[in-house]
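In our numbering, the protein residues as written are 3 to 377.
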Ligand SMILES: *Cc1c(COP(=O)(O)O)cnc(C)c1O
């Protein structure tokens, strides 16, 4: 018998498909929608999620490191797989062996790829990352012209695309993204005088809030998984069809007990009952992605009602107050993320309690727990 955990992350394939299709419509026909499946698809499972997106028409995928790309390629014969975080020169060969597309930001890697291309008697297409205002990875705009010139001299390497990244596209009305896009267009024009380049800069915020920046391809992450980059504000603002959160996280009640007023709960007794209370012990802790910062702050759903987390979250356990909920017994389903009855707890709400963003919540739950895909 397969022994399964008390805790399970469930991913709705139909929500992923819905989100992909919605984003493709928003980006417009002819714009490629690259699915960012780094971080195990933000906790949704890289392989499974990529298959769902591919079935919905996706041909472009993005990961951080080569190892992820190789793993994805092993189950996906077709499709472009972009490696966004570079590589060590001695790893150049892997791009040829596994048909991966490198995103480059220095000449050392371009040179290493050129050397390998000659050895393999092949040509490799690279995408160049430009830092147009993110203040992170990429060459600076005024280095682009000479970089591209040097690149053209390197045998076996062709420039297939140019990209940048928005730091503030989640800000609905920010002029920052507009200005950065103008700079990107200038740079792309300089880089691609004679050659046709795939230009891409838009992330989820770009597609949703700055649709004029979609260019040839967009790189969507959080929105594919059903969340707005600016959280609940974005969801409320949206008037048309909405993104659907794909992940839920469920557990079960381990033990139920009634305790008198004045009972200290969990390590440090940071919570002491102020009246006779009924408590449920849950087999979920920070080891399962339930951040300790949710101690005395978070809530879960039991019987469709909210039960507040009391006291410190432990490694494998936490305690919730069920005084207001009738008839809870061990084995009852607990929803930590997702819907139960008429109520839902979203990744944005949990992120709010943690002073974080939905991205982190999805990674925390999704990358540790047993995962199951549902229709
Ligand atoms: C993660 C990532 C994205 C996707 O960002 P979202 O806000 O999740 O849509 C796009 N581009 C790059 C380079 C990234 O690293």
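Every residue gets a Cβ at the ideal spot worked out from N, C-alpha and C, and that includes glycine.
### Query
Okay, do the segment 315 to 326 and the segment 281 to 288 touch, 3+ Cβ pairs below 8 Å being the bar?
yes
### Task
Could you tell me how far apart the beta carbons of residue 40 and residue 69 are, in whole angstroms, since I believe they sit closer than 8 Å?
Here residue 40 corresponds to residue number 38 of the chain shown, with the count starting at 1. Here residue 69 corresponds to residue number 67 of the chain shown, with the count starting at 1. In fact, because the Cβ distance is near 11 Å, the residues do not count as touching under 8 Å.
### Query
Helix or strand or just coil, what does DSSP make of residue 365?
Walking along the chain shown from the start, residue 365 turns up at place 363. Helix.
### Task
Report buried or exposed for residue 205, applying the criterion of at least 16 other Cβ atoms within 10 angstroms of its Cβ.
The residue you call residue 205 lines up with position 203 of the chain shown. With 16 or more Cβ atoms within 10 Å of its Cβ, residue 205 is classed as buried.
### Message
Alpha carbons only, please: which of 361, 302, 328 is nearest the one belonging to residue 336?
### Response
Stepping through the chain shown from its first residue, residue 336 is reached at position 334. When only C-alpha atoms are compared, the closest one is 302.
### Task
Report the residue ranges of all beta strand (DSSP E) runs contained in full by the segment 188 to 231; include only those spanning at least 3 residues, in chain order.
200 to 202, 219 to 222
### Query
The alpha helix (DSSP H) with residue 352 in it runs from where to where?
Here residue 352 refers to the residue found at position 350 of the chain shown. Looking at the DSSP string, the run of the alpha helix (DSSP H) that includes residue 352 is 349 to 356.
### Query
Taking 8 Å as the line, does the beta carbon of residue 231 fall inside it for any heavy atom of ligand 1?
Mapped onto the chain shown, residue 231 falls at position 229. Yes; taking the cut-off as 8 Å, the Cβ of residue 231 has a heavy atom of ligand 1 nearer than that.
### Task
Please list, in chain order, all residues of the same chain as residue 100 whose beta carbon is under 6 Å from its beta carbon, the five residues on each side excluded.
Within the chain shown, residue 100 is the residue found at index 98, counting from 1. Same-chain partners within the cutoff: 72, 75.
### Message
At 4 residues or longer, what runs of the alpha helix (DSSP H) sit wholly inside the segment 112 to 182?
### Response
146 to 155
### Query
Out of 369, 81, 105, which has the shortest C-alpha to C-alpha gap to residue 90?
Taking the first residue of the chain shown as 1, we reach residue 90 at position 88. Of 369, 81, 105, the residue nearest in Cα terms is 105.
### Message
Per DSSP, what are the beta-bridge partners of residue 464 in this structure?
### Response
Residue 464 cannot be examined here, being either before or after the span of the chain that is shown, 3 to 377.
### Query
So which of 77, 220, 287, 355 has the shortest CA-CA distance to residue 38?
Walking along the chain shown from the start, residue 38 turns up at place 36. The alpha carbon of residue 38 has as its nearest neighbour, out of 77, 220, 287, 355, the alpha carbon of 220.
### Task
Closer than 7 Å by C-beta to residue 287: which residues in its own chain qualify, once you throw out the five before and the five after it? Chain order, please.
Here residue 287 is taken as the residue at index 285 of the chain shown, counted from 1. Correct list, in chain order: 315, 316, 317, 318, 319, 320.
### Message
I'd like the span of the alpha helix (DSSP H) that includes residue 41, first residue to last.
### Response
Counting from one through the chain shown, the residue named residue 41 turns up at place 39. It spans 40 to 44 - the alpha helix (DSSP H) in which residue 41 sits, taken as one unbroken run.
#### Entry: Closest by C-alpha distance to residue 372, when choosing among 252, 361, 115
Walking along the chain shown from the start, residue 372 turns up at place 370. Selected option, being the one with the closest Cα: 252.
### Query
In this structure, does DSSP put residue 324 in helix, strand or coil?
One-based indexing of the chain shown puts residue 324 at position 322. Reduced to three states, the DSSP call for residue 324 is coil.
### Query
Where residue 357 and residue 160 are concerned, what is the direct C-alpha to C-alpha distance, given to the nearest angstrom?
Numbered from 1 along the chain shown, position 355 holds the residue referred to as residue 357. Numbered from 1 along the chain shown, position 158 holds the residue referred to as residue 160. Distance between the alpha carbons of residue 357 and residue 160 is about 44 Å.
### Query
If you drop the 5 nearest sequence neighbours on each side, which residues of the same chain put their C-beta closer than 8 Å to that of residue 362?
For the purposes of this step, residue 362 is identified with residue 360 of the chain shown, where counting begins at 1. Closer than 8 Å at Cβ, skipping near neighbours: 353, 356.
### Query
So residue 215 packs on residue 25, CB below 8 Å; how close in whole Å?
Stepping through the chain shown from its first residue, residue 215 is reached at position 213. Stepping through the chain shown from its first residue, residue 25 is reached at position 23. Separation of the CB atoms of residue 215 and residue 25 is rounded to 14 Å, and the pair is thereby denied contact status at 8 Å.
#### Entry: Exposure label - residue 274; buried when at least 16 CB within 10 Å
Sequence index remark: in the chain shown, residue 274 carries index 272 (1-based). Flag for residue 274 reads exposed.
### Query
Taking the alpha-carbon positions, what's the residue 96 to residue 331 distance?
Residue 96 sits at position 94 when you count from the first residue of the chain shown. Residue 331 sits at position 329 when you count from the first residue of the chain shown. If I take the Cα positions, the gap works out to 54 Å.
### Task
Whole angstroms is fine: what's the gap from residue 328's alpha carbon to residue 164's?
Taking the chain shown and counting its residues from 1, the one referred to as residue 328 is at position 326. Taking the chain shown and counting its residues from 1, the one referred to as residue 164 is at position 162. Roughly 59 Å separates the two Cα atoms.
#### Entry: Rounded C-alpha distance that separates residue 300 from residue 338
On the chain shown, position 298 is the one that residue 300 refers to. On the chain shown, position 336 is the one that residue 338 refers to. Taking the straight line from one Cα to the other gives about 9 Å.
### residue 54: first and last residue of the uninterrupted alpha helix (DSSP H) it sits in
By one-based count along the chain shown, residue 54 stands at place 52. Element bounds for residue 54: 48 to 57.
### Task
Evaluate contact between the segment 169 to 186 and the segment 145 to 155, counting only Cβ atoms and requiring at least three cross-stretch pairs below 8 Å.
no
### Message
For a test of your reading of the model: does the CB of residue 167 fall under 8 Å from any non-hydrogen atom of ligand 1? Yes or no.
### Response
In the chain shown, counting from the first residue as 1, residue 167 sits at position 165. Yes, ligand 1 has a heavy atom inside 8 Å of this Cβ.
### Straight-line gap, residue 257 to residue 289 (C-alpha atoms, nearest Å)
Indexing the chain shown from 1 puts residue 257 at position 255. Indexing the chain shown from 1 puts residue 289 at position 287. About 19 Å.
### Query
When you compare each of 78, 168, 309 to residue 346 by their alpha carbons, which one comes out closest?
Translated into positions along the chain shown, residue 346 becomes position 344. Closest option to residue 346, Cα to Cα, is 309.
### Task
Look at the Cβ atom of residue 77, then the Cβ atom of residue 18, and state whether they are nearer than 9 Å.
For the purposes of this step, residue 77 is taken as the residue at position 75 of the chain shown. For the purposes of this step, residue 18 is taken as the residue at position 16 of the chain shown. Cβ distance not < 9 Å, so residue 77 and residue 18 don't count as in contact.
### Query
Hey, residue 158 and residue 193: beta-carbon distance below 9 Å or not?
Taking the chain shown and counting its residues from 1, the one referred to as residue 158 is at position 156. Taking the chain shown and counting its residues from 1, the one referred to as residue 193 is at position 191. Contact: no.
### Message
Looking at the strands, I want to know which residues DSSP matches up with residue 374.
### Response
As a working mapping, residue 374 is identified with position 372 in the chain shown. Listed as beta-bridge partners of residue 374 by DSSP are 12.
#### Entry: residue 99 (DSSP reduced to helix, strand or coil)
Reading the chain shown from its first residue, position 97 is the one you call residue 99. Reduced to three states, the DSSP call for residue 99 is helix.
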